[in-house]
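Student:
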Amino acid sequence: MMRSLTDCSEIKEALQIVTDLLGPEAEKIGFHIPRAEIRTEQAQPRPRPKPAKAVARDVAVPPPPPPGNFRSEQLDHALSSMCMRGDFKGAVLADSDGLPLSVYESPVSIEIVAAFTSVLGAAIEKAASMLGEHGADNLSMDINYEDKILLKKFTVANRLYYMMIICSQELDQRSEVEMTVEQISAILD
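According to my numbering, the sequence shown is numbered sequentially starting from 3.
1) Taking 8 Å as the cut-off, does the region 121-132 touch the region 67-86 (at least 3 CB pairs, one atom from each stretch)?
2) Less than 7 Å between the beta carbons of F118 and I186, yes or no?
3) Could you spell out the range, first to last residue, of the beta strand (DSSP E) harbouring D78?
4) How many angstroms separate the CA atom of L190 from the CA atom of K154?
5) Can you give, in chain order, each stretch of the alpha helix (DSSP H) that sits fully within the region 95-140 and has at least 4 residues?
6) Sorry if obvious, but does the Cβ on Q175 come closer than 6 Å to a heavy atom of the ligand COA?
7) Less than 7 Å separating the beta-carbons of A96 and L81?
8) Tell me which same chain residues have a C-beta within less than 6 Å of the C-beta of G100, skipping the five on either side of it?
9) Where G158 and I167 are concerned, what is the direct C-alpha to C-alpha distance, given to the nearest angstrom?
10) When burial is assigned at 16 or more other CB atoms within 10 Å of the CB, is K52 buried or exposed?
11) Distance, Cα to Cα, V110 vs S131?
12) Is F72 buried or exposed, if buried means 16 or more other CB atoms sit within 10 Å of its CB?
13) Hey, how far is the Cα of D89 from the Cα of P102?
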């Protein structure tokens, strides 16, 4: 089944975008064809070797809304705070049309990163359908030997949003991402 998943046109397009983003740096940092995996809420997380840094948060209690008078300021604060707390390299929040709502530490133009986020979002949908896991809302993809991309799909007021983060492969980012999704949902609602 993984063979057909890696043959998916959305995954191929995502690989091309990552290659374009990295440019000539791809070979220098050891970029290789990533392995995509789908995780669902129903699936039990597989044990990881002792992570270098795990973020322990109580997801049941959402944090207070971030400071700022405008939604854009609140979203920017939510993403930057998440990245600083979780030791993430960057993050983007986009809607299902690929329009960027907030970006923190983007290596390339905001529009490219947001479009990439929506392409990966389509890959979640296609992979979930192929695997029969219709509740899938996370996609994790290794981008080199040290870093990964995590895409989180969520819905607020019947609108679909995607949050993508770039972080170390050793980090367990789940609780930090879930807490920030709750915070973002409160801002967007």
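All C-beta atoms in this analysis are idealised placements derived from N, C-alpha and C, irrespective of residue type, glycine included.
Remember, predicted model here, so these are calculated numbers, not experimental data.
Tutor: On the basis of the coordinates in this document:
1) Taking 8 Å as the limit for Cβ pairs, the verdict is that the region 121-132 does not touch the region 67-86.
2) As a first step, residue 118 must be located in the sequence shown, where it is residue number 116. As a first step, residue 186 must be located in the sequence shown, where it is residue number 184. 7 Å or more divides the Cβ of F118 from the Cβ of I186.
3) By 1-based counting over the sequence shown, the position of residue 78 is 76. For D78, there is no enclosing beta strand (DSSP E); the enclosing alpha helix (DSSP H) covers residues R73 to G88.
4) Translated into positions along the sequence shown, residue 190 becomes position 188. Translated into positions along the sequence shown, residue 154 becomes position 152. Whole-angstrom Cα-Cα distance: 16 Å.
5) If one requires a minimum length of 4 residues, the alpha helix (DSSP H) runs lying completely within the region 95-140 are 112-133, in chain order.
6) This structure simply doesn't include the ligand COA, nor any ligand for that matter.
7) Translated into positions along the sequence shown, residue 96 becomes position 94. Translated into positions along the sequence shown, residue 81 becomes position 79. Going by beta carbons, A96 and L81 fall outside the 7 Å limit.
8) In the sequence shown, the residue the question calls residue 100 occupies position 98. These residues qualify, in order along the chain: A116, A117 and S120.
9) Here residue 158 refers to the residue found at position 156 when the sequence shown is read from its first residue. Here residue 167 refers to the residue found at position 165 when the sequence shown is read from its first residue. Note that residue 158 corresponds to Val in the displayed sequence, not to Gly. Each residue's alpha carbon lies about 19 Å from the other.
10) Along the sequence shown, read from residue 1 onward, the residue named residue 52 stands at position 50. Note that K52 scores 48 on pLDDT, short of 50, meaning its location in the model is unreliable and no value can be drawn from it.
11) Working through the sequence shown from its first residue, we reach residue 110 at position 108. Working through the sequence shown from its first residue, we reach residue 131 at position 129. Going by the C-alpha atoms only, they are around 31 Å apart.
12) As a first step, residue 72 must be located in the sequence shown, where it is residue number 70. Flag for F72 reads exposed.
13) Sequence index remark: in the sequence shown, residue 89 carries index 87 (1-based). Sequence index remark: in the sequence shown, residue 102 carries index 100 (1-based). Their Cα atoms are separated by approximately 22 Å.
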